[in-house]
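Numbering (my numbering), first residue to last: 272 to 761. All C-beta atoms in this analysis are idealised placements derived from N, C-alpha and C, irrespective of residue type, glycine included. Data block below; observations after.
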């Protein structure tokens with residue numbers, strides 16, 4: 272479910288009356304309690320032991336199974352099993368990262384395989400710094416870094432040894448960044464928040480192959496308690512990280528595949544494989560006189576998936592469809608003024624490479640001008656629902672009310688195209704137009720379905736009478752290719 276209105280009171284009211292969201296909230300609270308018990312445990316939980324032994328037994332049973340292990344190489348299974356156990360012993364010897372590793376075993380769906388692999392191959396830097404001020408100590412013990420991303424475990428500890436997991440906020444006063452030799456900012460950290468007694472910070476590298484030496488620079492000047500008490504101090508730090516030492520684990524596969532579709536030139540540039548993640552880099556540019564290539568925000572986006580040699584989907588990107596696997600955790604786009612191209616970067620936690628992988632274009636979302644409109648009389652909506660249909664989208668007007676110089680239209684409907692970026696207008700019988708904003712919520716599962724609380728709001732409208740026009744000015748349309756564009760990427 273997606274909430275378009277960001278006011279806290281409305282969100283709280285929604286959760287109060289929505290059983291689905293209430294269940295999700297309660298489930299999240301139970302998981303947090305489980306994390307707390309799990310991470311303060313001095314031993315790996317039974318669940319972890321069970322998963323480890325299950326994986327080892329799977330290797331033993333599948334000599335001729337789905338993984339295709341050959342009987343002529345029986346030692347391989349023991350090497351793999353030994354590697355798993357050895358890694359767990361090494362990882363769990365680090366007090367902070369051991370807790371994160373334990374949490375990985377709680378649920379396979381949230382396991383960060385890329386981070387686990389990066390730790391296993393040795394992309395670990397033991398910073399072991401502690402800065403004390405105003406009775407609080409900031410500690411950074413372990414850093415996992417490679418050219419794809421950097422992760423750090425940050426702790427705030429009080430005088431009595433208590434861990435504070437909600438006292439550090441990254442905002443204007445506090446920020447942690449990856450910087451280069453000349454102090455240029457390469458990436459910013461965000462708080463992922465996997466554990467209750469430390470902050471799991473992560474940053475996505477922008478230019479992963481252009482810097483051998485980087486620094487993690489933290490400017491921490493303020494802590495804020497639950498009660499709103501502000502504690503000013505200085506817990507700043509700067510930690511060197513040598514990426515050249517881990518570059519041997521990086522593999523670059525230049526693709527340079529080009530395609531033109533619906534006025535958009537596509538260039539799939541390269542795949543960059545590193546232990547902590549896999550980067551896919553794509554350039555796009557708009558063609559023709561009506562192009563929007565001077566805009567820093569693109570009005571298009573690719574829909575694609577990655578599949579194996581048998582056509583099984585292993586990743587599906589930018590889709591309203593559900594039930595597909597995805598390890599994508601970062602998607603960024605920047606505009607290059609010189610080339611007039613949009614540079615898209617997709618970062619996956621990991622991609623299984625036991626067999627060949629293929630890129631397949633599913634479609635293209637484009638924001639386009641629309642002239643679709645519908646005439647209606649507000650007084651008629653009290654008796655009959657009015658239906659607007661266009662491009663496979665259906666929107667129903669169910670009623671109108673006037674509040675404090677604004678008009679509220681109750682709406683419902685279903686969309687096959689993305690809805691949230693559409694632009695709508697209300698035009699009165701004097702041809703004066705009013706911009707419509709959307710308030711409410713919707714469900715996204717293959718199509719978009721508006722929930723009962725959905726409304727169009729027109730600010731500054733007079734009392735409604737006579738005939739009005741509902742006009743869609745811009746529409747996000749998904750275009751599907753007639754022929755498949757598919758090529759190998761590994």
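Given 8 angstroms as the limit, is there contact between the stretch 408 to 418 and the stretch 385 to 397, that is, 3 or more CB pairs closer than that?
-> Segment contact: the stretch 408 to 418 against the stretch 385 to 397, three or more CB-CB distances shorter than 8 angstroms; contact assigned.
Could you tell me the distance, in whole angstroms, from the CA atom of residue 727 to the CA atom of residue 645?
-> For residue 727 and residue 645, the distance between alpha carbons rounds to 15 angstroms.
With 16 other CB atoms within 10 Å as the buried threshold, where does residue 688 fall?
-> Residue 688 is buried by the Cβ-count criterion.
Residue range of the beta strand (DSSP E) that includes residue 762 | Since the displayed the chain opens at 272 and closes at 761, residue 762 lies outside it and no answer follows.
Helix or strand or just coil, what does DSSP make of residue 754?
-> Here DSSP, grouped into helix, strand and coil, assigns residue 754 to coil.
For residue 214, three-class secondary structure by DSSP | Beyond the ends of the chain as shown, which are 272 and 761, falls residue 214; an answer cannot be given.
Express the C-alpha separation of residue 577 and residue 383 in angstroms, rounding to a whole number.
-> Rounded to the nearest angstrom, the two C-alpha atoms are 19 angstroms apart.
Is the stretch 440 to 460 in contact with the stretch 484 to 499, if contact means three or more CB pairs nearer than 8 angstroms?
-> Verdict: yes, contact present.
Determine the contact status of residue 681 and residue 670, defining contact as a CB-CB distance below 7 angstroms.
-> Cβ atoms of residue 681 and residue 670: closer than 7 angstroms.
Could you say which of 731, 697, 761 and 691 lies nearest to residue 714 if we only look at CA atoms?
-> Measuring from the Cα of residue 714, the nearest candidate turns out to be 691.
Could you tell me which residues DSSP puts in a beta bridge with residue 268?
-> An answer regarding residue 268 cannot be provided, because it is not within the stretch 272 to 761 covered by the chain.
Please state whether DSSP places residue 558 in a helix, a strand or coil.
-> Coil.
For residue 631, which residues of its own chain have a beta-carbon under 8 angstroms away from its beta-carbon, when the five flanking residues on both sides are left out?
-> The answer, listed in chain order, is 575, 576, 577, 578, 755, 756 and 757.
Taking residue 696 and residue 704 to be in contact with their CB atoms under 8 angstroms, please state how far apart those CB atoms are, rounded to whole angstroms.
-> Right, the Cβ-Cβ distance comes to about 5 angstroms (below 8 angstroms), so this counts as a contact.
Helix, strand or coil for residue 273 per DSSP?
-> The predicted position of residue 273 is uncertain, since its pLDDT is 45 and thus under 50; a value taken from the coordinates is nonetheless stated next. Residue 273: strand per DSSP, three-state reduction.
Starting from residue 511, follow its DSSP beta bridges and name the residues at the other end.
-> Looking at the DSSP output, residue 511 bridges to 486.
From residue 729 to residue 423, what does the alpha carbon distance come to, in whole angstroms?
-> One C-alpha to the other measures close to 47 angstroms.
Just curious, the beta strand (DSSP E) that residue 713 is in, first and last residue?
-> 712 to 716 is the span of the beta strand (DSSP E), which, as asked, contains residue 713.
Residue 541 to residue 661 span [Cα, whole Å] = The alpha-carbon atoms of residue 541 and residue 661 are separated by roughly 38 angstroms.
Anticipated Cβ contact below 8 angstroms, residue 613 with residue 604, distance rounded = In this structure residue 613 is in contact with residue 604, their Cβ atoms being roughly 5 angstroms apart against a cut-off of 8 angstroms.
May I have the straight-line CA-CA distance separating residue 543 from residue 536, to the nearest angstrom?
-> Near 22 angstroms, if we compare the C-alpha coordinates of residue 536 and residue 543.
Smallest Cα separation from residue 739: which of 621, 649, 511 and 405?
-> Minimum Cα distance to residue 739 is reached at 649.
The beta strand (DSSP E) enclosing residue 400, as first and last residue numbers = Unbroken beta strand (DSSP E) run through residue 400: 395 to 404.
If residue 534 sits next to residue 499, beta carbons under 8 angstroms apart, how far is it from one beta carbon to the other, in whole angstroms?
-> Not quite, the Cβ-Cβ distance comes to about 52 angstroms (not below 8 angstroms), so this is no contact.
Distance, Cα to Cα, residue 582 vs residue 438?
-> About 48 angstroms.
Candidates 390, 407 and 617: closest to residue 599 by CA position = With distances taken between Cα atoms, residue 599 lies closest to 617.
Leaving out five residues on either side along the sequence, give the residues of the same chain with a beta carbon under 7 angstroms from the beta carbon of residue 771.
-> Given a span of 272 to 761 for the chain in the structure shown, any question on residue 771 remains unanswerable.
Looking at C-alpha atoms only, which residue of 456, 556, 505 and 753 is the closest neighbour of residue 538?
-> Ranking the options by Cα distance to residue 538, first place goes to 556.
Reduced DSSP category for residue 759 - H, G, I as helix; E, B as strand; rest coil | DSSP places residue 759 within a strand segment (E or B) once states are collapsed to three.
For residue 658, the residue or residues it bridges with in DSSP = Residue 658 is bridged to 667.
Would you identify the three-state DSSP class for residue 232, choosing helix, strand or coil?
-> In this structure the chain extends from 272 to 761, so residue 232 is not present and cannot be described.
Apart from the five residues on each side of it in sequence, which residues of its chain come closer than 7 angstroms, Cβ to Cβ, to residue 750?
-> Result list for residue 750: 533, 634, 635 and 637, in chain order.
Look at the alpha carbon of residue 716 and the alpha carbon of residue 473, and state the distance between them as a whole number of angstroms.
-> Each residue's Cα considered, the two are about 30 angstroms apart.
Sequence-distant residues of its chain with Cβ nearer than 8 angstroms to residue 456 (five each side left out) | Correct list, in chain order: 448, 449 and 450.
Tell me, which residues are paired with residue 695 by DSSP?
-> Within the DSSP secondary-structure output, residue 695 pairs in a beta bridge with 707 and 743.
Have a look at residue 585 and residue 760 and give me their C-alpha separation to the nearest angstrom.
-> Each residue's alpha carbon lies about 13 angstroms from the other.
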